[in-house]
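In full-length UniProt numbering, the protein residues as written are 241 to 586. The beta carbon of each residue, even a glycine, is placed where N, CA and C say it ideally should be. Owing to the predicted nature of the structure, the values given are computational and were not obtained by experimental measurement.
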Amino acid sequence: GDAYKGDYAHFTLKEIYEQPETILKAGEKTTEAIEKTADYLKHSKNIYITGSGTSYNSALIAKQMLSKYAKIKVEPIMSSELQFSPDSIEENSILIAISQSGESADVLEAVKIAKKANCKIISIVNLLTSSLAREADVVIGMNCGPEIGVAATKSFTAQLVIIYKIVEKLNNSEIKINFDKISESVSKTLDKPIRIQIVAQKLKNISDIYVLGRGVHYPIAIEAALKLKELTYIHAEGIPGGELKHGPLALMDESVFVLIINPNDSTYSDTLTSAREIKARGAKIIGISDVESDVYDYWIEISKVEESMYPISEIIPIQLLSYYAALEKDTDPDYPRNLAKSVTVK
Ligand code: G6P
241 GDAYKGDYAH FTLKEIYEQP ETILKAGEKT TEAIEKTADY LKHSKNIYIT
291 GSGTSYNSAL IAKQMLSKYA KIKVEPIMSS ELQFSPDSIE ENSILIAISQ
341 SGESADVLEA VKIAKKANCK IISIVNLLTS SLAREADVVI GMNCGPEIGV
391 AATKSFTAQL VIIYKIVEKL NNSEIKINFD KISESVSKTL DKPIRIQIVA
441 QKLKNISDIY VLGRGVHYPI AIEAALKLKE LTYIHAEGIP GGELKHGPLA
491 LMDESVFVLI INPNDSTYSD TLTSAREIKA RGAKIIGISD VESDVYDYWI
541 EISKVEESMY PISEIIPIQL LSYYAALEKD TDPDYPRNLA KSVTVK
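Quick look at the structure:
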């Protein structure tokens, strides 16, 4: 009901604005489950990670983070695809299943297959009473409160926080995450939505938008494209920066907008080069970065944070942009057409 929206026009907006708090709360009271998870991951040869929609995009980030900061290899498999290659699951492995609702049919099916192969199930869920939580050997709660908007927002950043906590546990020293700092940087973005609202107006009549990123920013580009699709119905696609010349460059012209995810890390200069190549074809460039550049037609500033934390800080303005573009297009941001919050049938 309306009561729960408080002063916000939509649940989605409220949930976006809750993130400075939910980032801090995610993974609170889960120390034991995180320790158990770290222990399982250290002692297993094969580790798979699965989910649907946004939760699968978190799995893609987890793969990169675990590999980079904990030297642990995990294989992401989309839940809906796992059913078609059950043989790819080695006996006695670990399956990490990520699901906000814990009720997605595809995820539950993936878990069933893994259990048949004698795998241990580690779940990352928001609803602790869900089917997935019941099926799992280890349950890690996202602790971000009910999420009503169909497009996942605060549950995504909560999932990332939990992944960081697992990484931190495994890695011991190299990475020490300052969640207060990241929460602060998220607040900063949320406090100044004006620029984002101006860019949202420009998206009103476009039919294609691309999101480009390299390394860990590529899965964020995929998640960004998903948010734009769900909320605005604009055709949106994530592009891994280096692949531009292998196809997507053919699509660039004056009618196209491209979001460039370009924080000041090791991907920065290559991604800036990509932005220039795209701009030369007449497309409009929206830069998400802590560094300003003349290549951006519109610059959306994020705060400088520790390198591993950029994924959280860069998805926030994109969630807001998708929301405000939905308002421009007069679509319903909370309940996009044809979609459901959790898909409980196959
Ligand atoms: C549906 C929702 C998405 C969500 C996906 C997975 O498609 O519309 O927003 O990411 O399900 O949901 P889950 O509850 O398993 O994370």
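Local conformation of residue i per DSSP, three classes
{"i": "S292", "result": "coil"}
{"i": "E315", "result": "strand"}
{"i": "S339", "result": "strand"}
{"i": "Y575", "result": "coil"}
{"i": "I558", "result": "helix"}
{"i": "I446", "result": "coil"}
{"i": "I542", "result": "coil"}
{"i": "I462", "result": "helix"}
{"i": "I329", "result": "coil"}
{"i": "residue 208", "result": "Residue 208 lies beyond the range of the chain shown here (241 to 586); nothing can be said about it."}
{"i": "V456", "result": "coil"}
{"i": "I287", "result": "strand"}
{"i": "V585", "result": "coil"}
{"i": "Q259", "result": "helix"}
{"i": "V426", "result": "helix"}
{"i": "V390", "result": "coil"}
{"i": "L567", "result": "helix"}
{"i": "T252", "result": "helix"}
Own chain partners of residue i with C-beta closer than 7 Å, once the 5 adjacent residues on each side are dropped
{"i": "R435", "result": "I540"}
{"i": "A299", "result": "I289, T290, G291, P316, I338"}
{"i": "C384", "result": "T262, K265, A266, N366, K394, S395, A398"}
{"i": "S307", "result": "K313"}
{"i": "D327", "result": "none"}
{"i": "P480", "result": "R454, Y458"}
{"i": "K276", "result": "V378"}
{"i": "S284", "result": "S333, I334"}
{"i": "D242", "result": "For D242, the predicted model reports a pLDDT of 47, less than 50, meaning its position is unreliable and no value from the coordinates is stated."}
{"i": "P433", "result": "L560"}
{"i": "L281", "result": "I287, I312, I334, L410"}
{"i": "A278", "result": "I406, K409, L410"}
Cβ-Cβ distance between residue i and residue j below 7 Å
{"i": "residue 588", "j": "P576", "result": "In the structure as shown, the chain starts at 241 and stops at 586, and residue 588 therefore has no counterpart that could be examined."}
{"i": "V498", "j": "I518", "result": "yes"}
{"i": "A465", "j": "V456", "result": "no"}
{"i": "A345", "j": "T584", "result": "yes"}
{"i": "Y538", "j": "P503", "result": "no"}
{"i": "I449", "j": "A476", "result": "yes"}
{"i": "S533", "j": "K467", "result": "no"}
{"i": "V426", "j": "Q259", "result": "yes"}
{"i": "I415", "j": "S548", "result": "yes"}
{"i": "V535", "j": "A515", "result": "yes"}
{"i": "I555", "j": "I460", "result": "yes"}
{"i": "T472", "j": "A565", "result": "yes"}
{"i": "I329", "j": "A302", "result": "no"}
{"i": "L400", "j": "I287", "result": "no"}
{"i": "Q441", "j": "E272", "result": "no"}
Residues near residue i in its chain [Cβ-Cβ closer than 8 Å; skip 5 each side]
{"i": "P557", "result": "T429, I436, I528, I540, I542"}
{"i": "A373", "result": "G342, S363, V365, L367, V379"}
{"i": "I274", "result": "G267, I380, I402, K405, I406, K409"}
{"i": "L348", "result": "S371, L372, E375"}
{"i": "M305", "result": "I403, Y404, V407, V456, S548"}
{"i": "T511", "result": "L452, G453, R454, H457, G481, I500, I501, N502"}
Beta-carbon contacts of residue i that lie in its chain and below 6 Å, excluding the five residues immediately before and after
{"i": "M318", "result": "Y296"}
{"i": "A350", "result": "T290, S319, L322"}
{"i": "N332", "result": "N358"}
{"i": "G389", "result": "F251, T252, E255, D574"}
{"i": "A523", "result": "M492, V496, V498"}
{"i": "H486", "result": "none"}
{"i": "L443", "result": "A565"}
Neighbour flag for residue i against chain D, beta carbons, 7 Å
{"i": "K416", "result": "Note that chain D does not occur in the displayed structure, where there is just one protein chain."}
Give a yes or no on contact between the segment 376-388 and the segment 354-365, applying the rule of three or more CB pairs nearer than 8 Å.
Enough Cβ pairs lie closer than 8 Å, so yes.
Could you pull out every unbroken beta strand (DSSP E) segment of at least 3 residues lying fully inside the segment 467-539, listed in chain order?
Annotation: the segment 467-539 contains the following complete segments of the beta strand (DSSP E) (minimum length 3 residues), in chain order: 475-480, 497-501, 524-529.
Complete beta strand (DSSP E) runs within the segment 349-383 (minimum length 3 residues, chain order)
Runs of the beta strand (DSSP E) inside the segment 349-383: 360-365, 378-381.
Flag this pair as touching only if the segment 391-400 and the segment 254-267 have three or more C-beta atom pairs under 8 Å; answer yes or no.
Touching, yes.
Within the chosen definition, does the segment 323-339 reach the segment 414-422 through at least 3 CB pairs nearer than 8 Å?
Because the criterion of three Cβ pairs below 8 Å is not met, the segment 323-339 and the segment 414-422 do not touch.
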